[in-house]
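So the structure is just underneath, and the comments pick up after that.
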Amino acid sequence: MRNLLDFYLGQMRIAAVTQLQYRAANYFYMIGMVAEPVVYLVVWSTIAAAQGGSVGGYTAGGFAAYYIVWTLVRNMNIVFTPYGWEWRIREGQLSGMLLRPIHPLHGDIAYFAGWKVAVIILWLPIAAVLALAFRPEINPTWQEVVVFFIAIWGAYLIRTMLLWLLGMITFWTTRVGALFELYFAAELLLSGRLVPMSVMPPWVQELSAWMPFRWAFQYPIEALVGDLPTDQLWLGLGMQALWIVLAGGAALFAWRWAVKQYSAVGG
Amino acid sequence: MNVIRLWLNFVRVGVLGEIQYRVNFLVQLLQSAIALATALIVLALIFSYTQTLGGWTGPELLALMGVHTLVGGLIHMSIQPNMERLMQDVQNGTLDYALIKPADSQALVSVREFRLWQGVDVIVGALVIGYAVYQLREIFGWQQALAFAAALGCGAAMIYAFWLILTTGAFWFVRMENLLELWQGLYSAGRAPVGIYPDWLKYGLTFLVPVAFAVTVPAEAVTGRLTLETLAGAIALAAALLVGARWFWFFGLRRYSGASA
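Protein sequence lines, in the order shown, are assigned to chains A and B.
If you use the numbering used here, the first sequence corresponds to residues 207 to 473, in order.
If you use the numbering used here, the second sequence corresponds to residues -15 to 245, in order.
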């Protein structure tokens, strides 16, 4: 256990220090990412204004708060891409990973978690600029702030597990593009990334309640921006834990099965 | 004329290379279908709340979406692969091989790659525009068709010039891959008519990054709201950017010192 902790701290430190070296590269990446929520924000504030002030319970200021916090949660959602498995297999990276005494999932979780530390630091000025430009309405309680800070890491873990699971398909076929795109489209619509679920038709909201996506996206945003009742605020963390265990278990199971398919390339 | 012959030759080689991988066509078709379905769902959601968005009706915004898809297809088919290869060549010093060929260097680096299957988006975009035009047939005539062709040509020229200027920056900065991410983000802003953005963003998307000219202006032509002044401005700006990009290319080339230096 101590060893594992040391491994995590070391890996995270390496990632954070490395990524802070590439500030310009990270900023290009993050600014490119900001365009997406700005489109949504402008479109939905325009509609809210035309609808007499609000859509799905969100005013223009509410949407501004939602989509600004969105940018941080989106960054927390960046994990090892399922497209990356093809590269790992083709380049023989995987052979090296299999030789280590620690499960490769730990390596990914730790590395990207360290990167997040750098991302959060780099994100603060972006959030400040967006807040000046779009004037969000936000007044969280201390309790909401605490839950938010736990929930963004919960979101990170849920998405890590889900995309690991998805990436495992690469062990059987490399024609995965369309399948991954389908997954990302479902995620876009059902997670709250496109719009808060309250804007969606009721049957979509119903559907998303049974899926993990919103716990990795909308829930952390709502925890900070929305007015969730106290019990729902804390219950959300429980739902996150549940999905981490379910998706993580499935990912580990799929991994054991997938590795049996693997015959080394290069090394 | 030489440039066109050169381009056609590279297109032929590119096509021959890609038709060996026919399943990739299916994969691309599925991906385009997923992207189209997602975009239509978004439009349906928007228009379930409102009749117009920033003065654009449903069919008009559909035309805009079609233009966005079509231009995106053109970029992925031809402009972006060439510029990516140029960036790599500058990094690795392999640009030498292009420079020693007896052809105009700018023309050569701009035509070497051609991704046939990415062209699926061009067709999908054209079909969407066609459907939107059918719905807008009351206001769509040959003037609109002509204006659309002109505006689309200008937009494509501007995006090419813009990419070439950015990529030429590789002679100084070497590592430019993240520009791709930045570009993709900014281009996605073109999915909404630029008129609904706050001023600073509207002017940024018009003059800093020519997304407005590439997507909104051709869509304005389809929907009959393009003024002659805007079209004239687009033509002038496209010409200026092309000339500027050419000058900057040769200016940057002087910094290039080759593989062995």
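Think of the CB as a built atom: it goes at the ideal place given N, C-alpha and C, for glycine as much as any other residue.
Predicted model, so just to flag it, every value in this text is computed and none were measured.
Could you confirm whether any beta carbon from chain B is found closer than 8 Å to the beta carbon of residue i?
i: residue 235/A; result: yes
i: residue 261/A; result: yes
i: residue 226/A; result: no
i: residue 268/A; result: no
i: residue 411/A; result: no
i: residue 401/A; result: yes
i: residue 242/A; result: yes
i: residue 231/A; result: yes
So, residue i versus residue j, is the Cβ gap smaller than 8 Å?
i: residue 245/A; j: residue 116/B; result: no
i: residue 157/B; j: residue -2/B; result: no
i: residue 95/B; j: residue 20/B; result: no
i: residue 442/A; j: residue 421/A; result: yes
i: residue 47/B; j: residue 113/B; result: yes
i: residue 189/B; j: residue 178/B; result: yes
i: residue 276/A; j: residue 353/A; result: no
i: residue 55/B; j: residue 199/B; result: yes
i: residue 111/B; j: residue 384/A; result: no
i: residue 37/B; j: residue 249/A; result: yes
i: residue 370/A; j: residue 467/A; result: no
i: residue 128/B; j: residue 208/B; result: yes
i: residue 404/A; j: residue 419/A; result: no
i: residue 92/B; j: residue 151/B; result: no
i: residue 316/A; j: residue 411/A; result: no
i: residue 135/B; j: residue 221/B; result: no
From residue i to residue j, what distance separates their C-alpha atoms?
i: residue 234/B; j: residue 153/B; result: 12 Å
i: residue 147/B; j: residue 350/A; result: 44 Å
i: residue 236/B; j: residue 63/B; result: 19 Å
i: residue 49/B; j: residue 109/B; result: 8 Å
i: residue 245/B; j: residue 73/B; result: Note that residue 245/B has pLDDT 46, beneath the 50 cutoff, so the model's placement of it is unreliable and no number is given.
i: residue 58/B; j: residue 66/B; result: 12 Å
i: residue 303/A; j: residue 280/A; result: 28 Å
i: residue 272/A; j: residue 423/A; result: 11 Å
i: residue 239/B; j: residue 233/A; result: 26 Å
i: residue 365/A; j: residue 23/B; result: 23 Å
i: residue 473/A; j: residue 380/A; result: With a pLDDT of 45 at residue 473/A, under the threshold of 50, the predicted position of this residue should be treated as unreliable, though the coordinate-derived value follows. Roughly 19 Å separates the two Cα atoms.
i: residue 185/B; j: residue 326/A; result: 24 Å
i: residue -5/B; j: residue 180/B; result: 39 Å
i: residue 207/A; j: residue 310/A; result: 16 Å
i: residue 431/A; j: residue 255/A; result: 20 Å
i: residue 53/B; j: residue 60/B; result: 10 Å
i: residue 171/A; j: residue 451/A; result: Any answer about residue 171/A is impossible in this case: the structure gives chain A only from 207 up to 473.
i: residue 192/A; j: residue 300/A; result: What is shown of chain A runs 207 to 473, which leaves residue 192/A out entirely.
i: residue 44/B; j: residue 265/A; result: 26 Å
i: residue 361/A; j: residue 104/B; result: 35 Å
i: residue 267/A; j: residue 340/A; result: 8 Å
Residues of chain A with a CB under 8 Å from the CB of residue i: which are they?
i: residue 176/B; result: 245, 248, 249
i: residue 180/B; result: 248, 249, 252
i: residue 38/B; result: 252
Which chain B residues sit within Cβ distance under 9 Å of residue i?
i: residue 347/A; result: Within 9 Å Cβ-Cβ: nothing; residue 347/A doesn't reach chain B, min ~31 Å.
By the criterion of Cβ-Cβ separation under 7 Å, what are the contact partners of residue i in chain B?
i: residue 274/A; result: Simply none; closest approach about 15 Å.
i: residue 239/A; result: 169
Please list the partners that residue i has in chain A, where partner means a Cβ-to-Cβ separation under 9 Å.
i: residue 190/B; result: Here the premise fails: no neighbours, minimum Cβ distance about 15 Å.
Consider the Cβ of residue i: report whether some Cβ of chain A lies at a distance smaller than 8 Å.
i: residue 252/B; result: Residue 252/B is absent from the structure shown; chain B starts at -15 and stops at 245.
i: residue 42/B; result: no
i: residue 173/B; result: yes
i: residue 245/B; result: For residue 245/B, the predicted model reports a pLDDT of 46, less than 50, meaning its position is unreliable and no value from the coordinates is stated.
Counting only Cβ pairs nearer than 8 Å, list the residues of chain B close to residue i.
i: residue 257/A; result: 33, 34
Any beta carbon of chain E sitting closer than 8 Å to that of residue i?
i: residue 394/A; result: No chain E is part of this structure, whose protein chains are labelled A and B.
Report the residues of the segment 53 to 72 of chain B with a CB closer than 8 Å to any CB of chain A, ordered along the chain.
-> For the segment 53 to 72 of chain B, the beta-carbon criterion of a distance under 8 Å to any beta-carbon of chain A is satisfied by none of its residues.
Taking a cut of 7 Å between CB atoms, which residues from the segment 139 to 166 of chain B lie near chain A?
-> So the close ones are 162, 163, 165, 166.
What residues in the segment 117 to 139 of chain B bring their beta carbon closer than 9 Å to a beta carbon of chain A?
-> Of all residues in the segment 117 to 139 of chain B, none places a beta-carbon less than 9 Å from a beta-carbon of chain A.
Chain-ordered residues of the segment 362 to 390 of chain A with a beta carbon less than 8 Å from chain B = Residues of the segment 362 to 390 of chain A with a Cβ closer than 8 Å to any Cβ of chain B, in chain order: 381, 383, 384, 387, 388.
Compile a chain-ordered list of the residues in the segment 69 to 101 of chain B whose CB is closer than 9 Å to at least one CB of chain A.
-> Of all residues in the segment 69 to 101 of chain B, none has a Cβ within less than 9 Å of some Cβ in chain A.
Listed in chain order, which residues of the segment 5 to 33 of chain B have Cβ atoms closer than 9 Å to some Cβ of chain A?
-> Cβ contacts with chain A come from 7, 8, 10, 11, 12, 13, 14, 15, 17, 18, 19, 21, 22, 25, 26, 29, 30, 32, 33.
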